[in-house]
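Residue numbers (the working numbering), protein chains in the order written: chain F, 1 to 764; chain W, 1001 to 1331.
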């Protein structure tokens, strides 16, 4: 909301600069996005160059058809001659004048005296766009009669102003109003509050106003007022300027009044052309199925039976609280007006406004819950202005409601506020703070909440907040005592970090890929019923496909050594409402099976685990180069997924971590050194080396401390369909030094076992 | 044998040896198993000859050792004088991976709070509306409850919109004192642009204990701001509104670029918003069965992306999900 300070200061007298006002409001009340300087420059006594003038004479310009020569009294005794191109005034008009030397936002240089087609012009009669008070350049500004010529223009129009651009939080709809903001400023900065006290016009030629509210939940209050003899026309300059500075467009006097009063009180109003309402009547009800309404933005809206409608009993004339209908809109031809000052229930309005994707200044307030008491002063001020500005007669009034809500009373303990805030705020100060915000505090600390805060403040803690926000910038920064705390990661969290570090150390970079994917290998994967896009429709059960895409990004970017990992959740359908969320670690690395396995071996080694794999197919992997581990799978990426040769793995971390020993126990591996021997055996091509190692362990027992395949040879020396596998063997006892002979006997036992199990022949 | 002639010949050979190999050959020739001296020693029958030959052997051994050491020293001197590396040549490459910048920040925030005695809680990402909304005091009709803002799996299941459900789950399973942080992915129906991605990361903090004050919250956030953004940063706190805290406070840190004097990054305000927080609303304590008279608490939820933007100047949050190696390897 835009808040012109000149307007705000009409309701609050406070000795504070715009910056001080903005700062206090920002700390204690609402977000102040910025402070905008508007109008003419305020330097070198520039404002003194702007005066109110009265046009004494208007004469045709002898040399120019479009110009006129005016004699203008600006309080100097003699009139000033000013040449003017506007035609919307005559002698006697009160106008805004800039004297030579004035700095105008539209001019690069100060205004000077000059000749226009042979006639001397000693100043300028101003249009609103020339000093930032409006968009209009069709004519000059005509001010109300009765202002003394020579008066400073700044007293009549906000030619120099600061405008706050503010955004209240959703609980503070009362701050979407000039009165609400004035109250905050008065309370926070010690100002005097003087809100408008509208002088309600008396009803003349009284008539009945027929208003029926069929849905009093949706519309708890409806004040309908009717006016006759309405003269629709342009608004006076002060109203145009205020609306302009407040970010609203001037439309016509009656429409401008509704917008103006909404800005003053925060309770939106609507004006109907009463002649367009069947029998001048209002019926508030929900929309009928299939009903349509053309709103005044020209759009035909298809309505839902949950939408609250203002109707005339026959058809809808407005989408309640959101936007009026085109047909019943006030126009130049309007002479009778029905003014709506109502109250609407917020949630329904929010739903309709969201469904129709139609947000207006009105709906923005209603959806947050406007105080129903405000309808009355809003109706009074609007009536006064319609009567004054449109020459109308107020001819009828009705106020339909089934009782207005009671003001909540909340028991409050000032010492509780002090305890929660952590700052000793004296009781007298707390009482003063609450009173300033409009709360009535009894001597025994029963606090009656003002009507405009009744939705937001219902509990003691809500009152504590009122005190807290007033003293927020004085609250000392302390630290909690933190007795009985224990700051450490769980085993799983610690191990996850180790996995991250090992993979980074192995040269892999961490990618972040989306949890929501377009497709997942698991047909049962959870699908969002209403996804944002088809790309983000399914909760993934596996990480590697996302990494494949990420690797493709890397390849496309020209990287020749892409190696990526990710640690993230997968979401396994579990039959319950909630899926089984599991941490997975996945990786995609250039170089095929061995590359993936090398990384995995490093990872297992770091965790104190031995990597054991068995051949097992996986849909993402090359069928001949795929393996499973207890915690997941690894292999060469299926060649159709990504061009080139890639290795990949994915592990379920909880399963992996279950096997990680709590601690490593000491073993004496120094005192009795290992005896190292190598063996090479020739076996059939399809015998897997892992099976040879397993068999070797089985044959040699615990004295075989290490067995590692270090070479596989295929060729003429071993014959077709056969391969030679060379294995380092390390024999070691923790109790004595083994002899070479013992080692050789064990080695022979291994060779014998391999011969028996795999037709292995010792290679010479 | 003629010990004297043998000694002269040996000493001459030792003096002539110019390399470690040559001195080794001399050792074999004059002291080896088949050397004249060794053979003579084997033949010795009388004590006197034995003494003479043994002392000769010791003399030769020490002469050879001395020559060997001298040669080694000369060789070392030569290497140290002659050998020379171009120290500006690149080293042997070792491939190094990179943690994602958000992970780096996640760990840093975790470590800050581990140091303060907090534990780290891994919350769920798929949540029931009970934990995502009801327990957190979201009123009926709150915009976040709308499918326009939140991704629903069904009427009662959502992708969490903030890390706060972890607060409720933690309080349901443990009695105060509670000192936790919870970090991870959150989801909202936001169209991706420079400042929004539909998946983002939050760091949630929750403290519940006797005597916790708003001042404790401000002190903790000030500590966090300084730890993340530097000791010379100023902090500022302004009132805000969230369903799960009362009162609620938004934290600001003085702009790192202009140091508070105003620049485009801070929109000429000198301050940058870093995250929301507040005192735990007593309704949450009612929900989990804590004594709201005895305990007070505070909570905060900050975006990790925001920290990344402020600290690293990342201009567009979508970059964090691009996985281009040129981006990943910057951090």
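C-beta: ideal position from N, C-alpha, C; glycine also.
So, is the C-beta of residue 1291(W) closer than 9 Å to a C-beta in chain F? Here residue 1291(W) corresponds to residue number 291 of the second chain, with the count starting at 1. No, residue 1291(W) lies away from the interface with chain F (no Cβ there is under 9 Å from its Cβ).
Alpha carbon of residue 568(F) to alpha carbon of residue 500(F), nearest angstrom: Position 568 of the first chain, counting from 1, holds the residue named residue 568(F). Position 500 of the first chain, counting from 1, holds the residue named residue 500(F). Distance between the alpha carbons of residue 568(F) and residue 500(F): 11 Å.
Cβ closer than 8 Å: which chain W residues qualify as neighbours of residue 29(F)? As a working note, residue 29(F) is residue 29 in the first chain. Here the neighbours are 1239.
Beta-ladder partner(s) of residue 723(F), from DSSP: Along the first chain, one-based indexing puts residue 723(F) at 723. Partner(s): 683(F).
Under 9 Å between C-beta atoms, does residue 1268(W) make it to chain F? Here the question's residue 1268(W) lines up with position 268 in the second chain. Yes, residue 1268(W) counts as interfacial toward chain F.
Near-chain W residues of the region 67-89 of chain F - C-beta to any C-beta below 9 Å: none
Just confirm the distance between the C-beta atoms of residue 746(F) and residue 704(F), as a whole number of angstroms; I'd bet it's less than 8 Å. On the first chain, residue 746(F) is found 746 positions in, with the first residue counted as 1. On the first chain, residue 704(F) is found 704 positions in, with the first residue counted as 1. Indeed, because the Cβ distance is near 7 Å, the residues count as touching under 8 Å.
With a threshold of 7 Å on Cβ separation, who are the neighbours of residue 1011(W) within its own chain once the five nearest residues in sequence on each side are excluded? Looking up residue 1011(W) in the second chain gives position 11. If we look at residue 1011(W) and ignore the five residues flanking it on each side, its Cβ neighbours are 1063.
Starting from the C-beta of residue 603(F), find all residues in its chain whose C-beta is less than 6 Å away, skip the five residues before and the five after it, and write them out in chain order. One-based indexing of the first chain puts residue 603(F) at position 603. Here the set comprises 502.
Compute the Euclidean distance between the alpha carbons of residue 1221(W) and residue 1251(W), then round it to the nearest angstrom. Counted from its first residue, the second chain places residue 1221(W) at position 221. Counted from its first residue, the second chain places residue 1251(W) at position 251. Cα to Cα, the separation comes out at about 8 Å.
Residue closest to residue 1093(W), alpha-carbon to alpha-carbon, out of 759(F), 507(F), 699(F), 559(F): Taking the first residue of the second chain as 1, we reach residue 1093(W) at position 93. It is 507(F) whose Cα lies nearest to the Cα of residue 1093(W).
Which residues, in chain order, does the region 500-523 of chain F contribute to contact with chain W at a C-beta distance below 9 Å? 500, 501, 503, 504, 505, 506, 507, 508, 509, 510, 511, 512, 513, 514, 515, 516
So if I threshold CB-CB distances at 9 Å, which residues from the region 1212-1246 of chain W count as touching chain F? 1212, 1213, 1214, 1215, 1216, 1217, 1218, 1219, 1220, 1221, 1222, 1223, 1235, 1236, 1237, 1238, 1239, 1240, 1241, 1242, 1246
Neighbourhood of residue 1198(W) by C-beta distance below 7 Å, restricted to the same chain and skipping five residues each side: As a first step, residue 1198(W) is located in the second chain; it is residue number 198 there, counting from the start. Closer than 7 Å at Cβ, skipping near neighbours: 1187, 1188, 1189, 1190, 1192.
Would the beta-carbon of residue 1176(W) fall within 9 Å of that of residue 1204(W)? By one-based count along the second chain, residue 1176(W) stands at place 176. By one-based count along the second chain, residue 1204(W) stands at place 204. No.
CB of residue 210(F) to nearest heavy atom of the ligand GTP: below 8 Å? The ligand GTP is not part of this structure, which contains no ligands at all.
Quick check on the burial criterion: 16 or more other C-beta atoms within 10 angstroms. Buried or exposed for residue 253(F)? Locating residue 253(F) in the first chain gives position 253, counting from the first residue. Buried, since its Cβ has 16 or more Cβ neighbours within 10 Å.
Which same chain residues, not among the five before or five after residue 1148(W), have their C-beta less than 7 Å away from its C-beta? For this step, residue 1148(W) is matched to residue 148 along the second chain. So the list reads 1189, once near-sequence residues are dropped.
CA-to-CA distance, residue 1318(W) to residue 1202(W), given in whole angstroms: Sequence index remark: in the second chain, residue 1202(W) carries index 202 (1-based). Sequence index remark: in the second chain, residue 1318(W) carries index 318 (1-based). The straight-line gap from Cα to Cα measures roughly 16 Å.
Could you tell me which residues DSSP pairs with residue 677(F) in its beta bridges? Within the first chain, numbered from 1, the residue matching residue 677(F) stands at position 677. DSSP, once it has assigned bridges, lists 729(F) as partnering residue 677(F).
Indicate whether residue 486(F) and residue 1119(W) have their beta-carbon atoms separated by less than 9 Å. For the purposes of this step, residue 486(F) is identified with residue 486 of the first chain, where counting begins at 1. For the purposes of this step, residue 1119(W) is identified with residue 119 of the second chain, where counting begins at 1. Contact flag set, yes.
For the region 379-409 of chain F, which residues have a CB atom closer than 9 Å to at least one CB atom of chain W, in sequence order? none
Own chain, CB closer than 8 Å to residue 19(F), minus 5 neighbours either side, in chain order: In the first chain, residue 19(F) corresponds to position 19, counting from 1. Around residue 19(F): 35.
Residue 94(F) and residue 152(F) - do their beta-carbons sit closer together than 9 Å? The residue you call residue 152(F) lines up with position 152 of the first chain. The residue you call residue 94(F) lines up with position 94 of the first chain. No.
If we cut at 9 Å on Cβ distances, does residue 46(F) have a partner in chain W? Counted from its first residue, the first chain places residue 46(F) at position 46. No, residue 46(F) lies away from the interface with chain W (no Cβ there is under 9 Å from its Cβ).
If I'm right that residue 104(F) touches residue 82(F) with Cβ under 8 Å, what's the distance once you round it to whole angstroms? Position 104 of the first chain, counted from the first residue, corresponds to residue 104(F). Position 82 of the first chain, counted from the first residue, corresponds to residue 82(F). That belief does not hold up - the Cβ atoms of residue 104(F) and residue 82(F) are roughly 14 Å apart, past 8 Å.
If contact is defined by three or more beta carbon pairs under 8 Å, each pair taking one atom from either stretch, is the region 560-574 of chain F in contact with the region 610-624 of chain F? no
The beta strand (DSSP E) enclosing residue 1245(W), as first and last residue numbers: Position 245 of the second chain, counted from the first residue, corresponds to residue 1245(W). That run of the beta strand (DSSP E) goes 1245-1254.
To be precise: take each residue of the region 559-574 of chain F, compare its Cβ to all Cβ atoms of chain W, and keep it if any distance is under 9 Å. Which residues remain? 559, 561, 562, 563, 564, 565, 566, 567, 568, 569, 571
Residue 323(F) versus residue 394(F): straight-line alpha-carbon distance, rounded: As a working mapping, residue 323(F) is identified with position 323 in the first chain. As a working mapping, residue 394(F) is identified with position 394 in the first chain. Whole-angstrom Cα-Cα distance: 24 Å.
Chain-ordered neighbours of residue 1150(W) on chain F, where CB pairs are closer than 7 Å: The count along the second chain starts at 1 and reaches residue 1150(W) at position 150. The contacting residues do not exist; residue 1150(W) stays about 10 Å from chain F at best.
Contact check, residue 169(F) vs residue 30(F), beta carbons under 9 Å: Within the first chain, residue 169(F) is the residue found at index 169, counting from 1. Within the first chain, residue 30(F) is the residue found at index 30, counting from 1. Contact: yes.
Does the distance from the C-beta atom of residue 618(F) to that of residue 628(F) stay below 9 Å? Sequence index remark: in the first chain, residue 618(F) carries index 618 (1-based). Sequence index remark: in the first chain, residue 628(F) carries index 628 (1-based). The answer is yes: Cβ separation under 9 Å.
Contacting residues, own chain, Cβ-Cβ under 8 Å from residue 644(F) (five flanking each side not counted): On the first chain, residue 644(F) is found 644 positions in, with the first residue counted as 1. Counting only Cβ-Cβ distances below 8 Å, and skipping sequence neighbours, we find 555, 590.
Quick check: what's the CA-CA separation for residue 215(F) versus residue 348(F)? As a working note, residue 215(F) is residue 215 in the first chain. As a working note, residue 348(F) is residue 348 in the first chain. Using only the alpha carbons, I get a separation of about 12 Å.
Given residue 586(F) as reference, the closest of 534(F), 566(F), 593(F) once Cα atoms are compared: As a position in the first chain, residue 586(F) is number 586, starting the count at 1. Closest option to residue 586(F), Cα to Cα, is 566(F).
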